[in-house]
Amino acid sequence: MQFSGFRSVIGTMWAMVDEDGQDLSEYFYGKMFAAGAQVVSYEKSARALRHATQKLRAKMGISLERWVNFVHYGA
Numbered sequence: 005m006q007f008s009g010f011r012s013v014i015g016t017m018w019a020m021v022d023e024d025g026q027d028l029s030e031y032f033y034g035k036m037f038a039a040g041a042q043v044v045s046y047e048k049s050a051r052a053l054r055h056a057t058q059k060l061r062a063k064m065g066i067s068l069e070r071w072v073n074f075v076h077y078g079a
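Numbering (the numbering used here), first residue to last: 5 to 79.
Shown next as structure tokens:
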């Protein structure tokens with residue numbers, strides 16, 4: 005994706021639990037559009053992913069393998 009011109013990319017290192025994808029995207033985009041942001045900035049994506057994985061970690065019963073799976077590449 006970065007070769008196509010995207011400045012940052014979020015992905016997984018292995019298959020994930022479907023529920024985690026739904027939760028992570030809710031937390032991630034909630035942070036990206038916090039405070040009424042109208043434009044998504046690649047500069048916020050690493051922080052938003054960190055926020056989202058911290059929220060996943062806080063859920064009861066989430067093992068290390070489930071939240072450490074998500075990665076951010078880029079600026």
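Using N, Cα and C, we set each Cβ at its ideal position, and we do this for glycine too.
Everything numeric in this text was worked out from a predicted model, so none of it was measured.
Distance between Gly-34 and Arg-70 (C-alpha atoms, nearest Å): By 1-based counting over the sequence shown, the position of residue 70 is 66. By 1-based counting over the sequence shown, the position of residue 34 is 30. Taking the straight line joining both Cα atoms gives about 20 Å.
Contiguous alpha helix (DSSP H) assignments of at least 4 residues, all confined to the segment 46–78: Qualifying alpha helix (DSSP H) stretches, in chain order: 49–62, 68–71.
Rounded separation between Glu-30 and Ala-52 - CA only: Taking the first residue of the sequence shown as 1, we reach residue 30 at position 26. Taking the first residue of the sequence shown as 1, we reach residue 52 at position 48. Cα-Cα distance, rounded: 11 Å.
Burial state of Ala-56 (16 or more Cβ within 10 Å): Indexing the sequence shown from 1 puts residue 56 at position 52. Buried, by the Cβ-count rule.
Continuous beta strand (DSSP E) stretch holding Gly-15: start and end: Your numbering for residue 15 matches position 11 in the sequence shown. Counting along the chain, the beta strand (DSSP E) containing Gly-15 begins and ends at 12–16.
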